[in-house]
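Residue numbers (our numbering), protein chains in the order written: chain A, 1 to 650; chain B, 1001 to 1361.
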């Protein structure tokens, strides 16, 4: 067993675990007992999916497309191929025709280097992370309200909460350590108000479970805000927060009854929720992808932050990718500089221009979703993707593939030959988090040390090394040593000023400090999506338990992949009867944008008027039903509450 | 020197004694890791052994039934070859507790009794256990006292050590233990009556210090006689996080799955790894039928295996040694003591006569 633990890279909880290597295989693993997150426990991913990182079919050498096939080449050939194509495209079409997409699965050091690579080496503002497809909508909304694009509390505070509002999060299945802390809190008397169109696995813990119709969260949340304000249920200090009066006034002229309308939650339930939360401080407000992937996500996040501020509570956004927080902190989002400062901030821009010795544009470039659309229109000619299977994570695989196929040059750095790697011009074999050093930042903002357990498989390299090698051929020196990059991060990003390898030798890692942030309340308007008679049902999408992200690793873990032999969709019995659909038969679920076929299962957990389509292994995902278009406000794609119809499969 | 003999080993001689053992076999012992974590692992020198350890999450069963174990390699095609792997090394597990020794005895019987498992047998024949008496429960979660598997052993050990302050009482419990003792015999002195009296005092004191109780007798009765309403199992199952830690970390659990893993050079390795009855794929049949279709029925299965007469008759004891690892490893409260407690409470709820409804005559 290796003496020091590393940090699990599956979800944003960030457990510490020990791994015993045997050659290039995992021989044994166990959680750390004393680590503040793992506390001797792991979830199904930690226990079972770690060996899936070191599978026999890992990419071992770079691959170059020659005609129809991908052929193994040396690193020298691969790198000069990359450099010559990038140089050619930059000189003929300009730097802005190059896009770089990273992922919240990379280490902080890799995210930082990738941002620097895009902005300094390539000179493009088109740099983004795939958290765009999961949770990026929270960042501007939280900055505007609580003044912090991160959780305000740690997991211990969750376990000590007096009450909780958990909205649109399958937390028991996807973030087990948060779920476990919720159970602990409930045992000590905490009251949970949950909201989800479907009965999810938080139900046994919930004192009150609201079931709004999909896409209508903003409606009942406004009613909740009004109830709290009208009944004086807010804490005294809430009135001192900027924007309190605006918020109160925005809700003055409507009644709670008018507000809730037909959203599936009635005024009485809203009143109960308000009372439970205000009578049981401290309050923690949590929300997951059910909120963050909805249309109007940023307004929803603002509404939830308002609830927390009124009640003197805290916000904990439940992020998807394991290092989503770190990626965001490193500036892996086109609208932000490292430290999560908007790129429009002139002073910050000037500072980073001097750190990186390059010119930065005042306006954001394209985000990941926009870049994919720009591939189709020809505005993006070269795309570099690090650590994400875009074909499955981006909305609508079919149109994503069509767009990516139009590129002159697609580079993919990956562990396995994923659906995205299969259509690339150049595939670079990356290594997993077990094979590299660096840091990850978890859901609590805890910056933790990732330690190398294995030598990289075959000729694979860390993304940090890959970025450094390509940069060198383009005439720039970017370090390939993670510790050097950690030092650069701590020197330049104030939140990370205390982070160093040395401090992480004697400590598990601490949440980065949040002193001095300024909060403000923010009125929000609600709009109900128009009904479309051709697509009368609402989509509830989720991820089946045992599935993670795009399934690249989980699907390679036989114990997890065997759990669900066939993909299915779930519907309420009455709804199925009304539509003449039979359980056990196949049905086709279609939206304006795409369709997929699943076996139908009847379930009381799904309300009438909806169909529940979970993500499955092997790319069978409800993303097929989504559109490439982004929500106009949050600039993120919409995956939830899409209008669909369900018919018997032909 | 024979089985049943008791000796004294001075604490100052302890490193030298185990260094002598270590010349002949590898030493497995509790070792310090980061931030106060202790895990059973290979130690290079007896000085690394942490004798006074609290919680060790990862049971030493993995040195007999590895978490991931290669069984053999083979090639297919015209020239089919099966290449056995080298024999497992000789090893001494030092500082193992009574509960884990009892669990290993259970597993030896399981893997040897009906169908001989050559992989397990090879490892177990090469292993000698130097167990240590717990003078007090090393952690809050311990309940071996309810499971007849500690804090000290009357039998079933190879060598058992009891901390008497400046010295250890050294008991030989098996021929394997006797043979291993020869390697350091010159450091042992015969025990005196005052030493065994002191040992007795420690035993009595330790018995009274347990904080966690598991009503094992109740559990055996409820489960064997199938008295627990299905609804109770479903309620329990509804809180499960399906991680499989309870079975992974249970020193008694024996279940594994087998997988053929392709190697880059075209051959295959047959591997086995721990599996869990808490997964649906564990019991699903090829037809698609699953005899344990719900989470509740799978929790029931686990406790059936831990406490039913049927298995007690076959395995010689119930399937829990009270090590407490399920208590600390479970993301919810599906550990043995809590489940038995919850079953007891729930049965009161369900089995009480229902008040007659006002409409009934």
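For every residue, glycine included, the Cβ atom is placed at its ideal position computed from N, Cα and C.
It should be emphasised that the depicted structure is a prediction, and the values quoted were computed from it without experimental measurement.
### Task
Using a Cβ-Cβ cut-off of 9 Å, state whether residue 1093 of chain B counts as contacting chain A.
Under the Cβ criterion of 9 Å, residue 1093 of chain B is not counted among the residues facing chain A.
### Message
By DSSP's criteria, residue 71 of chain A is part of a beta bridge. Which residues make up the other side?
### Response
For residue 71 of chain A, the pairing in a beta bridge is given by DSSP as A:64.
### Task
Please name the residue or residues paired with residue 1172 of chain B in a DSSP beta bridge.
Residue 1172 of chain B is bridged to B:1159.
### Query
Sorted by chain position, which residues of the same chain lie with C-beta nearer than 8 Å to residue 1063 of chain B's C-beta, five sequence neighbours on each side aside?
For residue 1063 of chain B, the CB contacts under 8 Å within the same chain, skipping 5 residues up- and downstream, are 1028, 1040, 1091, 1093, 1123 and 1127 in chain order.
### Inter-stretch contact at 8 Å, needing at least 3 Cβ pairs: the stretch 211-223 of chain A / the stretch 192-203 of chain A
With a cut-off of 8 Å, the stretch 192-203 of chain A and the stretch 211-223 of chain A count as touching, because enough Cβ pairs lie within range.
#### Entry: residue 76 of chain A versus residue 469 of chain A - alpha carbon distance
Residue 76 of chain A and residue 469 of chain A: Cα-Cα distance of roughly 10 Å.
### residue 1219 of chain B, buried or exposed, once every other Cβ within 10 Å from all chains shown has been counted against 16
Buried, by the Cβ-count rule.
### Task
For residue 164 of chain A, write down the residues that DSSP places opposite it in a beta bridge.
Residue 164 of chain A pairs with A:192 and A:284.
### chain A contacts made by the stretch 1054-1074 of chain B, where a contact means CB separation under 9 Å
Those would be 1054, 1055, 1056, 1057, 1058, 1062, 1066, 1067, 1068, 1069 and 1070, in chain order.
### Task
Just mark residue 185 of chain A as buried or exposed, buried being the case when its beta carbon has 16 or more other beta carbons within 10 Å.
Its Cβ being crowded by 16 or more others within 10 Å, residue 185 of chain A is buried.
### Query
Around the C-beta of residue 1115 of chain B, are 16 or more other C-beta atoms found within 10 angstroms, so that it is buried, or is it exposed?
Its Cβ having fewer than 16 others within 10 Å, residue 1115 of chain B is exposed.
### Whole-angstrom distance between residue 258 of chain A and residue 294 of chain A, CA atom to CA atom
Whole-angstrom Cα-Cα distance: 23 Å.
### Message
Any beta carbon of chain B sitting closer than 9 Å to that of residue 4 of chain A?
### Response
True, the Cβ-Cβ gap to chain B drops below 9 Å.
### Query
Since residue 102 of chain A sits in a beta bridge, which residues does DSSP pair it with?
In DSSP, residue 102 of chain A forms a bridge with A:129.
### Query
Among the residues of its own chain, which have a CB less than 6 Å from the CB of residue 385 of chain A, if the five just before and after it don't count?
The beta carbon of residue 385 of chain A lies closer than 6 Å to those of 101 and 412 in the same chain, with the five residues before and after it left out.
### Contact with chain A by residue 1018 of chain B, beta-carbon distance below 9 Å
Not a single CB atom of chain A sits nearer than 9 Å to the CB of residue 1018 of chain B.
### Query
Which residues of chain A have a Cβ atom closer than 7 Å to the Cβ of residue 1279 of chain B, listed in chain order?
Ordered by position in chain A, the residues that pass the 7 Å Cβ test against residue 1279 of chain B are 559 and 563.
### Task
Assign residue 1365 of chain B to one of two classes, buried (16 or more other C-beta atoms within 10 Å of its C-beta) or exposed (fewer than that).
The structure shown does not extend to residue 1365 of chain B, since chain B is modelled only from 1001 to 1361, so the question has no answer here.
#### Entry: Other residues of its chain near residue 1038 of chain B: CB distance less than 8 Å, five sequence neighbours each side excluded
Within the same chain, and ignoring the five residues on either side of residue 1038 of chain B in sequence, the residues whose Cβ sits closer than 8 Å to its Cβ are 1030, 1031, 1032, 1050, 1053, 1054, 1055 and 1056.
#### Entry: Run of the alpha helix (DSSP H) containing residue 470 of chain A, from where it starts to where it stops
Counted as a single uninterrupted DSSP element, the alpha helix (DSSP H) harbouring residue 470 of chain A occupies residues 463-473.
### Query
Considering only the beta carbon of each residue, do residue 206 of chain A and residue 166 of chain A sit closer than 9 Å?
Yes. Within cutoff.
### Query
So does residue 1069 of chain B have its beta carbon nearer than 8 Å to some heavy atom of the ligand HEM?
Annotation note on the ligand HEM: not contained in the displayed structure, which lists no ligands.
#### Entry: Assigned exposure category for residue 1314 of chain B - 16 Cβ within 10 Å defines buried
Under the 10 Å beta carbon count, residue 1314 of chain B is surrounded by fewer than 16 other beta carbons and is classified as exposed.
### Query
Rounded to the nearest angstrom, how far is the Cβ of residue 1246 of chain B from that of residue 1330 of chain B, given a contact under 8 Å?
The pair is a contact, with the Cβ atoms about 6 Å apart (cut-off 8 Å).
### Task
Would you list, in sequence order, the uninterrupted beta strand (DSSP E) runs of no fewer than 3 residues that lie entirely inside the stretch 266-329 of chain A?
Taken in chain order, the complete beta strand (DSSP E) segments of 3 residues or longer contained in the stretch 266-329 of chain A are 283-287 and 314-317.
### Query
Along chain B, in chain order, which residues have C-beta atoms closer than 8 Å to that of residue 180 of chain A?
Near residue 180 of chain A (Cβ distances below 8 Å), the residues of chain B are 1241, 1331 and 1332.
### Message
Please tell me whether residue 1264 of chain B has its Cβ less than 9 Å away from any Cβ of chain D.
### Response
Of the protein chains in this structure, namely A and B, none is chain D.
### Message
Using a Cβ distance threshold of 8 Å, determine whether the stretch 296-315 of chain A contacts the stretch 323-331 of chain A, with at least three qualifying pairs required.
### Response
Note that the stretch 296-315 of chain A does not touch the stretch 323-331 of chain A; fewer than 3 beta-carbon pairs, one per stretch, sit closer than 8 Å.
### Message
Check whether the stretch 1319-1336 of chain B and the stretch 1099-1111 of chain B are in contact - that is, three or more C-beta pairs closer than 8 Å.
### Response
Yes, they touch.
#### Entry: Touching by the beta-carbon criterion (3+ pairs, under 8 Å), the stretch 1285-1293 of chain B and the stretch 1070-1089 of chain B
No contact exists between the stretch 1285-1293 of chain B and the stretch 1070-1089 of chain B.
### Query
Between the stretch 515-532 of chain A and the stretch 1231-1249 of chain B, are three or more C-beta pairs nearer than 8 Å?
These segments do not touch.
### Query
So what does DSSP say about residue 1289 of chain B, is it helix, strand or coil?
Three-state result, residue 1289 of chain B: coil.
### Query
Any beta-carbon of chain A closer than 9 Å to the one on residue 1238 of chain B?
Closer than 9 Å to some Cβ of chain A, the Cβ of residue 1238 of chain B qualifies, so yes.
### Message
Against chain B, does residue 448 of chain A count as a neighbour if the rule is that its beta carbon must be under 9 Å from one of theirs?
### Response
False, the Cβ-Cβ gap to chain B never drops below 9 Å.
### Message
Between residue 483 of chain A and chain B, is any beta-carbon pair separated by less than 9 Å?
### Response
Taking Cβ atoms only, chain B never reaches closer than 9 Å to residue 483 of chain A, which makes this a no.
### Query
Hey, residue 647 of chain A and residue 579 of chain A: beta-carbon distance below 9 Å or not?
Cβ distance < 9 Å, so residue 647 of chain A and residue 579 of chain A count as in contact.
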